[in-house]
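To convert, count from 1 in the sequence shown and add 165; that's my numbering.
Note that beta-carbon positions come from the ideal geometry of N, C-alpha and C, so glycine has one too.
Notes follow once the structure below has been shown.
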Amino acid sequence: MKLLIDGDWVDSSSGKTQQKFNPTTGEKLEEFPLATKDDVSRAIDAADSSYEKWNDIGSKERAKILKKALDMIQASRKELEEILIRENGKIAKEAAGEVDGVIDQLTYYIGFERKFSGDVLEGPGRMQKLFLHKVPHGVVVALTPWNFPAGMVARKLGPALLTGNSVVLKPSSDTPLSAEWIVRKFVDAGVPKGVLNFVTGKGSEIGDFIVSHKKVSLVTLTGSTETGQRIMKNASNNMAKLMLELGGKAPYIVWKDADLKAALKTLLWAKFWNTGQSCIAAERLYVHSDVYGKFMDMFKDAASRIRVGDPMTADMGPLINKSALENMKNIVESAMSDGAKVLYGGKQPSLQGKLSGGYFFEPTILEGADQKSSIFQNEIFGPVLGAMPVDDIDETFRLANDSIYGLASYLFTNDNRIIMEGFDRIRFGELYVNMPGPEASNGYHTGFRMTGQAGENSRHGVEEYLKIKNIYIDYSGKVPEIDTIRNDILP
Ligand code: NAP
Numbered sequence: 166m167k168l169l170i171d172g173d174w175v176d177s178s179s180g181k182t183q184q185k186f187n188p189t190t191g192e193k194l195e196e197f198p199l200a201t202k203d204d205v206s207r208a209i210d211a212a213d214s215s216y217e218k219w220n221d222i223g224s225k226e227r228a229k230i231l232k233k234a235l236d237m238i239q240a241s242r243k244e245l246e247e248i249l250i251r252e253n254g255k256i257a258k259e260a261a262g263e264v265d266g267v268i269d270q271l272t273y274y275i276g277f278e279r280k281f282s283g284d285v286l287e288g289p290g291r292m293q294k295l296f297l298h299k300v301p302h303g304v305v306v307a308l309t310p311w312n313f314p315a316g317m318v319a320r321k322l323g324p325a326l327l328t329g330n331s332v333v334l335k336p337s338s339d340t341p342l343s344a345e346w347i348v349r350k351f352v353d354a355g356v357p358k359g360v361l362n363f364v365t366g367k368g369s370e371i372g373d374f375i376v377s378h379k380k381v382s383l384v385t386l387t388g389s390t391e392t393g394q395r396i397m398k399n400a401s402n403n404m405a406k407l408m409l410e411l412g413g414k415a416p417y418i419v420w421k422d423a424d425l426k427a428a429l430k431t432l433l434w435a436k437f438w439n440t441g442q443s444c445i446a447a448e449r450l451y452v453h454s455d456v457y458g459k460f461m462d463m464f465k466d467a468a469s470r471i472r473v474g475d476p477m478t479a480d481m482g483p484l485i486n487k488s489a490l491e492n493m494k495n496i497v498e499s500a501m502s503d504g505a506k507v508l509y510g511g512k513q514p515s516l517q518g519k520l521s522g523g524y525f526f527e528p529t530i531l532e533g534a535d536q537k538s539s540i541f542q543n544e545i546f547g548p549v550l551g552a553m554p555v556d557d558i559d560e561t562f563r564l565a566n567d568s569i570y571g572l573a574s575y576l577f578t579n580d581n582r583i584i585m586e587g588f589d590r591i592r593f594g595e596l597y598v599n600m601p602g603p604e605a606s607n608g609y610h611t612g613f614r615m616t617g618q619a620g621e622n623s624r625h626g627v628e629e630y631l632k633i634k635n636i637y638i639d640y641s642g643k644v645p646e647i648d649t650i651r652n653d654i655l656p
């Protein structure tokens, strides 16, 4: 693996590297360079000196280059799927789904070429005009997480580049390979030298430096709320615009009249997709007490049939790393000390051969803990779910909203009044009624409360990468009338 700085693929100037492990086996997979502050500085300088030219060529030309990259990604998509399976441990179908998402998003963003309009307004006086013109921010720093390592890269590179910004991309240290693969496609497609730069290294070592650099105008992060908070503090140094897509704690409500089969199938997806490592994952289950027993029996039965193991054949793969595995064990332990009991799962499965070194955890269902307990309050980010029975819809909406996070939420009912009340009262950026996610390219993916600020996808998300510049023009050819400046002092 290499860094991409000002058009050159290079090693870290320190020569230092870090090991990346395969989550399925725990074996070493690759070494990636640890960029130094000097490497990062050169990448930012290159981005800063190249974006004006990139902006000048116009969105039609930029879209042609992005389309070429998209075609190249499509033509060799199997390679990307295989990387995702190896570096993230995604099961094969989910890896293919993520690459479908990359293709869909890039196709969607490319469709915005020549579509950004500003305003032409009357000026303050006669023969004057005011133009509100949309322009790129300049240097964008894109920080991506490991859970959708290709999807999040496409989601940021597509709109940032189409709108004429230059980019310094830093992927998660857990998944640098798919990001490098995508960046190489953009470069091969003709993105000019300096416009796209790629640096790998630990967020804890170079992150503060990147986000607070004076030449950076926009920082887009998909990651944890803790990292978002740190970035907000650091961005006070450069006043960079922030797009922060952070943690989630989705409530999943199943009402007594719901189609239980539909609710269950969607829940199996919402909880165990990507081994529960998704910002829109079901994180808290509230089931009406009239159907609680029946639904939980169905859920337990289905969970027991999920095959955990080799991503090529199983229904659910491993967690991303050893510390995520330890975290699941601690979450279960602490839920039990909060009064929960394990309805299903709760431990590391015993797998044979190479898989015995992998970071697997059983699909896990807990019940008996209350709303104040950690399992109902903190982000789990794994295949563990706490459930509780509920009776009153007002109280259920209150419980759903009782979270510092506000990204996705789910509601299963056929009662139109409850659906419309949910529409009014559930304070989350996304509400899925009787259907699974994930978010669509034409929806605005955004969160309330500590899930962050700004948003991605849709016209609104693409326009986050533009700012408005005002141009005032007088075409009267006359010396202006300015009350406070006497004409008799003019020559
Ligand atoms: P993370 O630890 O916050 O890391 C995200 C990115 O930020 C990585 O590239 C990381 O680099 C970098 N980083 C870490 N510390 C930094 C710092 N001080 N300054 C600048 N960059 C820094 O998050 P993650 O564990 O990769 O992802 C899981 C989290 O992402 C979950 O909370 C999940 O809910 C959230 N997420 C949200 C969305 C959404 O759309 N709202 C979507 C997906 C995931 P290193 O890897 O080198 O530390």
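Are residue 326 and residue 407 close, meaning C-beta to C-beta below 8 Å?
no
With distances taken from CA atoms, which of 363, 474 and 239 is nearest residue 308?
363
Distance, Cα to Cα, residue 542 vs residue 415?
10 Å
Would you be able to state if there are at least three C-beta pairs under 8 Å between the stretch 590 to 605 and the stretch 564 to 576?
yes
Can you tell me the Cα-Cα spacing of residue 624 and residue 453, whole angstroms?
For residue 624 and residue 453, the distance between alpha carbons rounds to 38 Å.
Does DSSP put residue 256 in a helix, in a strand, or in coil?
Looking at residue 256 - three-state DSSP - the assignment turns out to be coil, as it is neither helix nor strand.
Residue 248: buried (16+ other C-beta within 10 angstroms of its C-beta) or exposed?
By the neighbour-count definition (other C-beta atoms within 10 Å, threshold 16), residue 248 is a buried residue.
What's the C-alpha gap between residue 633 and residue 589?
32 Å
I'd like to know if the stretch 293 to 309 and the stretch 324 to 342 are in contact, where contact means that at least 3 CB-CB pairs between them fall below 8 Å.
yes
Run through DSSP, which three-state label would residue 708 get?
No information on residue 708 is available, as it lies outside the stretch 166 to 656 that the chain covers here.
How many Å lie between residue 615 and residue 386 at the Cα?
14 Å
On the three-state DSSP scale, how would you describe residue 263?
helix
In angstroms, rounded to a whole number, what distance separates the CA positions of residue 597 and residue 240?
33 Å
To which residues of the same chain is residue 266 closer than 6 Å at the C-beta, ignoring the five residues directly before and after it?
Within the same chain, 316 come within 6 Å of residue 266 by CB-CB distance, once the 5 residues on both sides are set aside.
By DSSP, does residue 273 sit in helix, in strand, or in coil?
Under the three-state reduction of DSSP, residue 273 is assigned to helix.
Measure how close the beta-carbons of residue 197 and residue 185 come, nearest whole angstrom, since I'm counting them as under 8 Å.
6 Å
Distance, Cα to Cα, residue 573 vs residue 647?
54 Å
Below 6 Å CB to CB, which residues in the same chain sit around residue 538 once its five sequence neighbours on both sides are set aside?
503
Which runs of the beta strand (DSSP E) spanning at least 3 residues fall entirely within the stretch 310 to 358, listed in chain order?
331 to 335
Classify residue 564 as helix, strand or coil using the three-state DSSP reduction.
helix
For residue 610, which residues of its own chain have a beta-carbon under 6 Å away from its beta-carbon, when the five flanking residues on both sides are left out?
So the list reads 604, 620, 621 and 622, once near-sequence residues are dropped.
Determine the DSSP secondary structure at residue 174, reduced to helix, strand or coil.
strand
Once DSSP output is grouped into helix, strand and coil, what is the label at residue 615?
coil
To the nearest angstrom, report how far apart residue 359 and residue 173 are at their CA atoms.
9 Å
Helix, strand or coil for residue 599? Go by DSSP, reduced to three states.
Residue 599: coil per DSSP, three-state reduction.
Can you look up residue 439 in the DSSP assignment and give me helix, strand or coil?
helix
Suppose the cutoff is 8 Å on Cβ atoms and the five residues either side in sequence are ignored; what does the same chain contact list for residue 459 look like?
A distance below 8 Å between beta-carbons, with the five flanking residues on each side excluded, links residue 459 to the following residues of its chain, in chain order: 425.
Hey, would you say residue 246 sits closer than 8 Å to residue 234, going by beta carbons?
no
Taking 8 Å as the threshold (C-beta atoms), are residue 237 and residue 350 in contact?
yes
Kindly identify the DSSP beta-bridge partner or partners of residue 183.
DSSP lists 197 as partners of residue 183.
Specify the secondary structure class of residue 387 as computed by DSSP and reduced to three states.
DSSP places residue 387 in strand when its eight states are reduced to three.
Under 7 Å from any heavy atom of ligand 1, does the C-beta of residue 182 make it?
no
Consult DSSP for residue 394 and reduce its assignment to one of helix, strand or coil.
helix
With C-beta atoms as the reference, is residue 169 less than 8 Å away from residue 361?
yes
When DSSP labels each residue in this structure, what does residue 529 get in the three-state scheme?
strand
Please determine, among 628, 642 and 653, the residue with the shortest C-alpha to C-alpha distance to residue 277.
628
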